[in-house]
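Protein chains in written order, with this note's numbering: chain A, 34 to 269; chain B, 208 to 495.
For glycine and all other residues, C-beta sits at the position ideal for the given N, C-alpha and C.
As the structure is a prediction and not an experimental result, all values here were calculated from the model.
Written out as structure tokens, the structure is:
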């Protein structure tokens, strides 16, 4: 069963028409890499799914629900989390407070102390920094915090926008291990990436976008082997 | 000139400043969170004073006026946010500014129609009349009460912002409203409550200032100018700045009234100019 399915999705930034009928499907428990050049429409696709574009048409279904009419905050409550490219750690707030924000919508149904303890176990780098201001950490640590914040309420699916960007290789590997662990827990992942090789080694399947359209779909293994397609659509 | 008079005037300045703190905090909270420059803030201060007077005369008790009017006008503020300001989000910052500017005229004229153009005396509650000897001089009990109430409100506001979940959302939402949405938080509800809170603070200021000056439909105009000066001196969006600058402006106005009365109305603008020359971001503001 599809966890996320878009059909004929169009999106606009003001007058600029950036998505031209994107139809993608991500199965429950699947890890999908969404790749392609800058400006291909990858970020716009996940922003549309999250409800952050002012104008979209077409259908978006998540876990059997039609999302189109729902505001962004209701989409999160259905179990759809989003880690934006800029990480968006809130200045002036401690690591713990940033994590707490991820739990507000659960309205006390998740015990805050337990959830933060559990996250601290999965993210040892955050554990000793819980009372430090989030934005004073390194870029990689902030990325970990952004992912931790998005996972703390146990979403069914996470949309990640370029999580490996500008991060030390050792942390990128750590993040990869974390994504595998999430997949083993049954969390569905849609990964937008520029680091194509890394993304393909994590993902089950790959979708390539170009100029606001889906141009290619295959298993990750097949795309890894096909240097020509990679060259044509993903080369910088 | 004897020290007792100076101390008296100093304390009057603190009481005046305390009212300014309330009004400026409301203005600052609304601007910091919603990005709305609320030009109706002074008019809502005035409406709050009338509401307090009205409730007090209906119930025969100042205390009911003090408690009910800010809640009532705070609720009215929420209606303003919901029906008038909300449709303007996402547009230029000028749009809500012009809307609230127009609204302030509507409110002033509305009060004129209902209560008349003349000032109405706002009696000091009998339990708070008179003076008390503080060792250095005799101070009006009511002014001490005003300073105490403002202190209490500021402490509650601080606790609410720093120690509660709602405060966490307000602090975070002021920095990044979009991130709040994708974390499942309905930020428009937070804006509604924050606008109501800001307006409630202004109307509490209005009720408290009533017995110190009587109420009239124009009383909000000067208050608005003072509140703007205070938020600029303190630093836009800084709550600590509003508190320090509010007290500072109150004391400076009051002391100038003693030594150079003809300068009293312009001294705060001079102070603002000096602060802006030395620290353009205000005393506690951060550089953008």
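From the options, residue whose alpha carbon lies closest to that of residue i
i	options	result
residue 34 of chain A	A/95, A/79 and A/43	A/95
residue 156 of chain A	A/215, A/266, A/198 and A/254	A/215
residue 333 of chain B	B/268, B/215, B/253 and B/240	B/268
residue 321 of chain A	A/63, A/45 and A/42	With chain A running from 34 to 269 in the structure shown, residue 321 of chain A is simply not present.
residue 230 of chain B	B/260, B/351 and B/249	B/249
residue 228 of chain A	A/220, A/126 and A/206	A/206
residue 218 of chain A	A/231, A/191, A/241 and A/240	A/191
residue 376 of chain B	B/360, B/316, B/401 and B/355	B/401
residue 446 of chain B	B/346, B/410, B/491 and B/331	B/491
residue 183 of chain A	A/262, A/83, A/76 and A/132	A/132
residue 252 of chain B	B/371, B/433 and B/265	B/433
residue 308 of chain B	B/246, B/236, B/221 and B/468	B/246
residue 326 of chain B	B/467, B/421, B/218 and B/440	B/421
residue 441 of chain B	B/395, B/391, B/426 and B/494	B/494
residue 68 of chain A	A/200, A/103, A/59 and A/195	A/195
residue 338 of chain B	B/467, B/480, B/363 and B/218	B/218
residue 210 of chain B	B/365, B/345, B/379 and B/222	B/345
residue 40 of chain A	A/237, A/226 and A/81	A/81
residue 388 of chain B	A/42, A/113 and A/73	A/113
residue 150 of chain A	A/160, A/220 and A/122	A/160
Cα-Cα separation, residue i to residue j
i	j	result
residue 228 of chain B	residue 357 of chain B	8 Å
residue 91 of chain A	residue 110 of chain A	22 Å
residue 158 of chain A	residue 169 of chain A	13 Å
residue 125 of chain A	residue 336 of chain B	44 Å
residue 154 of chain A	residue 179 of chain A	16 Å
residue 100 of chain A	residue 246 of chain A	21 Å
residue 242 of chain B	residue 444 of chain B	9 Å
residue 258 of chain B	residue 414 of chain B	8 Å
residue 483 of chain B	residue 430 of chain B	20 Å
residue 498 of chain B	residue 292 of chain B	With chain B covering 208 to 495 only, the question about residue 498 of chain B has no answer from this structure.
residue 71 of chain A	residue 197 of chain A	15 Å
residue 408 of chain B	residue 130 of chain A	27 Å
residue 181 of chain A	residue 152 of chain A	7 Å
residue 348 of chain B	residue 323 of chain B	30 Å
residue 203 of chain A	residue 233 of chain A	18 Å
residue 340 of chain B	residue 313 of chain B	44 Å
residue 164 of chain A	residue 237 of chain B	28 Å
residue 383 of chain B	residue 233 of chain B	20 Å
residue 343 of chain B	residue 175 of chain A	56 Å
residue 272 of chain B	residue 419 of chain B	15 Å
residue 231 of chain A	residue 256 of chain A	12 Å
residue 44 of chain A	residue 84 of chain A	11 Å
residue 166 of chain A	residue 265 of chain B	51 Å
residue 224 of chain A	residue 65 of chain A	6 Å
residue 298 of chain B	residue 244 of chain B	13 Å
Three-state class that DSSP yields for residue i in the structure shown
i	result
residue 249 of chain A	strand
residue 463 of chain B	helix
residue 178 of chain A	helix
residue 196 of chain A	coil
residue 425 of chain B	coil
residue 336 of chain B	coil
residue 61 of chain A	coil
residue 156 of chain A	coil
residue 238 of chain B	helix
residue 475 of chain B	helix
residue 278 of chain A	It is not possible to answer for residue 278 of chain A, since the shown part of chain A is limited to 34 through 269.
residue 41 of chain A	strand
residue 217 of chain A	helix
residue 136 of chain A	coil
residue 443 of chain B	coil
residue 450 of chain B	helix
residue 36 of chain A	strand
residue 94 of chain A	strand
Proximal residues to residue i (C-beta, below 8 Å), its chain only, five neighbours per side dropped
i	result
residue 216 of chain B	461, 462, 464 and 465
residue 49 of chain A	none
residue 478 of chain B	436, 440, 455, 456 and 459
Any chain C beta carbon closer than 9 Å to residue i
i	result
residue 50 of chain A	Going by chain labels, chain C is absent from the structure shown, which instead holds the protein chains A and B.
Close-in-space but distant-in-sequence residues of the same chain around residue i (CB under 7 Å, 5 per side omitted)
i	result
residue 471 of chain B	460, 463 and 464
residue 139 of chain A	186
residue 148 of chain A	136 and 185
residue 437 of chain B	227, 231, 449, 452, 453 and 456
residue 496 of chain B	This structure does not reach residue 496 of chain B, given that chain B is present from 208 up to 495, and the question cannot be answered.
residue 328 of chain B	421
Residues near residue i by beta carbon distance below 6 Å, same chain, minus five either side
i	result
residue 285 of chain B	399 and 403
residue 412 of chain B	226, 229, 230 and 252
residue 367 of chain B	374
Practice task
At 3 residues or longer, and completely inside the stretch 341 to 389 of chain B: list those beta strand (DSSP E) runs for me, N to C.
Solution key: Counting whole runs of 3 or more residues, the stretch 341 to 389 of chain B contains the beta strand (DSSP E) stretches 345 to 347.
Practice task
List in chain order: all unbroken alpha helix (DSSP H) runs of 4+ residues lying wholly within the stretch 259 to 336 of chain B.
Solution key: 269 to 287 and 301 to 322
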